[in-house]
Amino acid sequence: MKTDIEIAQSVALKPITEIVEQVGITFDDIELYGKYKAKLSFDKITAIQENPVGKLILVTAINPTPAGEGKSTMSIGLADALNKIGKKTMIALREPSLGPVMGIKGGAAGGGYAQVLPMEDINLHFTGDMHAITTANNALSALLDNHIQQGNELGIDQRRIIWKRVVDLNDRALRQVIIGLGSPVNGVPREDGFDITVASEIMAILCLATDLKDLKARLANIVVAYTYARKPVYVRDLKVEGALTLILKDAIKPNLVQTIYGTPALVHGGPFANIAHGCNSVLATSTALRLADYVVTEAGFGADLGAEKFLNIKTPNLPTTPDAVVIVATLRALKMHGGVAKTDLNQENVEAVRKGFANLERHVNNIRKFGVPAVVAINEFVADTEAEIVALKELCAQIDVAVELASVWANGADGGIDLAETVVNAVENGGADYKRLYSDEDSLEAKITKIVTEIYGGQSVQFGPKAKTQLKQFAEFGWDKLPVCMAKTQYSFSDNQFLLGAPEGFDITIREFVPKTGAGFIVALTGDVMTMPGLPKQPAALNMDVAEDGTAVGLF
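All the letters of the sequence shown, read from the start, carry residue numbers 0 to 555 under numbering that gives the first Met the number 0.
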């Protein structure tokens, strides 16, 4: 059996100029990064603003196993299948982070015969967006520390600086550091730390900005610290938003690539879904909607994280609302939620499928609360048995949700035809009537309580001492009207990663809040969620190499 990279390298890529012609993009509309990658110009984005808006399909998942459920693979395979049945379709995906690529989870270019190409480039440096975001983030850190060193005119309390440096790798040794050591010329000593680049607020801002003007305004509104008088310090106070925008002027342009089957794909942005909103950029999704009749996009992790944030945070910034939501599940994950150990997931266990279905059922019901029809997509595995599939279909029928098996990893577009036809039926006959879970006028406490009780199935919310103090402060600053971005484990509805299935009656504890006023939301930290992951004992990097001719080896 071929690996993902072997499959990708066996495909004869078409020039990106040829791929984009099918959606009305010409050579003059793009900026080439070699033969097979390009960025879309703002001139073209502006020129299509009056185009009719296509149908939007959001792909999400149940609470995943540690290896993920295949949302990117399913998104790509579904889009290829939609094109195959005659629907003019584009994809809007997130960019991979080098941290997971070099770590354990892998990239974000899909897998098998449902991949975006060139996968080596996309999973590594691509068009340099991640580097630009890293540079902008760290430039802000350097400018902030320089302001303090040069007299601290703003009266910044270096004990209350909340802005961190970033690097796009899993490097646990950098979670907490001391900077400015050595001598007075080296700066003012203080505690600092590093997040992974995709956890940077600048990443979230890039993914929500609609143009350069909006990008600059959002950057100016970032809170980096507090003064000795406990007042927030913004980037606009440092007067560096122009410089940061300059660093990001190309990174904000969406990237164009292709799938194995030649479907045009916009791969742009990639904020972490457990501590940010976890969605492809608004610019890429909005642009695709004005170029194609159908657009397939995804949201990170399970629907309790990515889809909830897509629907509450990203959707209000789009020109349309989702017409259908595809919930990806695997029988392996259902069995895991039904109590089966990871080592036994390849063994038939119909009873565990039935028990674990409670997790999928809650996600389906949650999507329906937003007024959007749901379709269940079963990502097929070789170990799946007929008895397990029959049981799952019976359970889906009992809650009146459409379900289709998809073998896009093994069979590409052909493996997604049934799913594509079911999705089209849901879009054309589903009668989507989108509504947000909460309003901006709700208090932060009310927003969080609605998410916990109505989406997670929890009983109540407990606020720690720091969180209680921040709630009062944020109300004084006017930040309580912002959406909430919940930061919790992706493996469970609760803040306990070991509480699988569809638990009820639990409490969620908010230990503290992080204001992301530039992005336009407040992050609520639960459990022990970290913004800088670590590497496993056997990181994926150990299998990677490069041949003498420059061909990548061992990249999945």
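All C-beta atoms in this analysis are idealised placements derived from N, C-alpha and C, irrespective of residue type, glycine included.
Whether C484 touches K434 by CB criterion (9 Å): No, Cβ-Cβ distance for C484 and K434 is not below 9 Å.
Reduced DSSP secondary structure (H/G/I, E/B, other) of I44: Here I44 sits in helix by DSSP.
Beta-carbon gap between G415 and D3 smaller than 9 Å: Not closer than 9 Å, so no.
Which residues DSSP lists as bridging M485, in chain order: Looking at the DSSP assignment, M485 forms a beta bridge with A523.
Residue burial classification, N348 (beta-carbon count within 10 angstroms, cutoff 16): Buried, since its Cβ has 16 or more Cβ neighbours within 10 Å.
Cα-Cα separation, A486 to D303: Looking at the backbone, the Cα of A486 and that of D303 are separated by about 11 Å.
Alpha carbon of M543 to alpha carbon of L97, nearest angstrom: Approximately 13 Å, taken between the alpha carbons.
For T25, the first and last residue of its enclosing beta strand (DSSP E): No beta strand (DSSP E) contains T25, which DSSP labels as neither H nor E.
Buried versus exposed call for R158 [16 or more other C-beta atoms within 10 Å across all chains shown]: That one is exposed.
Range covered by the beta strand (DSSP E) that runs through R510: From DSSP, the beta strand (DSSP E) with R510 extends over 506-515.
Rounded distance between the beta-carbons of K86 and Y260, thought under 8 Å: Wrong, their Cβ atoms sit about 13 Å apart, outside the cutoff.
Reduced DSSP category for I6 - H, G, I as helix; E, B as strand; rest coil: If DSSP states are grouped into helix, strand and coil, I6 belongs with the helices.
For Q472, three-class secondary structure by DSSP: The DSSP-derived three-state label of Q472 is helix.
is_contact[I454, chain B] using C-beta, thresh 9 Å: Within the model displayed, chain B is absent; a lone protein chain is all it includes.
Where the beta strand (DSSP E) containing M89 begins and where it ends: From DSSP, the beta strand (DSSP E) with M89 extends over 88-92.
L443 to D479 span [Cα, whole Å]: C-alpha separation (whole angstroms): 5 Å.
Exposure label - V545; buried when at least 16 CB within 10 Å: Of the other Cβ atoms in all chains shown, fewer than 16 fall within 10 Å of the Cβ of V545; this residue is therefore exposed.
Separation of H124 from A91, as counted between CA atoms: Rounded to the nearest angstrom, the gap between the Cα atoms of A91 and H124 is 18 Å.
Alpha carbon of E453 to alpha carbon of F492, nearest angstrom: Across the structure, E453 and F492 are spaced so that their CA atoms are roughly 11 Å apart.
Backbone CA spacing between A409 and A291 [nearest angstrom]: Computed Cα separation, rounded: 26 Å.
Per-residue DSSP class, three states only, for A409: In this structure, DSSP gives A409 a helical state, which the three-state scheme calls helix.
Option in A328, V352, T329, N345 with minimal Cα separation from G338: Cα-wise, what sits closest to G338 is V352.
Residue of T88, G517, H146 minimising C-alpha distance to T284: For T284, the nearest C-alpha among the options comes from T88.
Distance CB(A577)-CB(A376) smaller than 9 Å: With the chain covering 0 to 555 only, the question about residue 577 has no answer from this structure.
Three-state secondary structure (DSSP) of I75: I75: helix per DSSP, three-state reduction.
Option in T244, L247, A224 with minimal Cα separation from D236: When only C-alpha atoms are compared, the closest one is A224.
Whole-number beta carbon distance between Y35 and V371, since they are thought to touch under 8 Å: Wrong, their Cβ atoms sit about 34 Å apart, outside the cutoff.
Residues of its chain near L168, where Cβ-Cβ distance is below 8 Å and the 5 sequence neighbours each way are ignored: Once the five neighbours on either side are set aside, the close Cβ partners of L168 are L97, G98, M101, I195.
Separation of P318 from A46, as counted between CA atoms: Distance from the CA of A46 to the CA of P318, rounded to the nearest whole angstrom, comes to 15 Å.
Coarse secondary structure for D156, derived from DSSP in three states: Three-state DSSP puts D156 in a strand.
Bridge-paired residues (DSSP) for P231: For P231, the beta-bridge partners assigned by DSSP are Y225.
Stretch-stretch touch, CB-based, cutoff 8 Å, three pairs: the segment 267-276 with the segment 297-312: The answer is yes - the segment 297-312 touches the segment 267-276, with three or more Cβ pairs under 8 Å.
Near the ligand ATP: M485 beta-carbon under 8 Å from a heavy atom: Among the ligands in the structure shown, none appear at all, so the ligand ATP cannot be discussed.
A425 in three-state terms, based on DSSP: Here A425 sits in helix by DSSP.
G241 (DSSP reduced to helix, strand or coil): In this structure, G241 counts as helix in the three-state DSSP scheme.
Residue range of the beta strand (DSSP E) that includes K38: Following the DSSP letters along the chain, one finds K38 inside the beta strand (DSSP E) bounded by residues 37-39.
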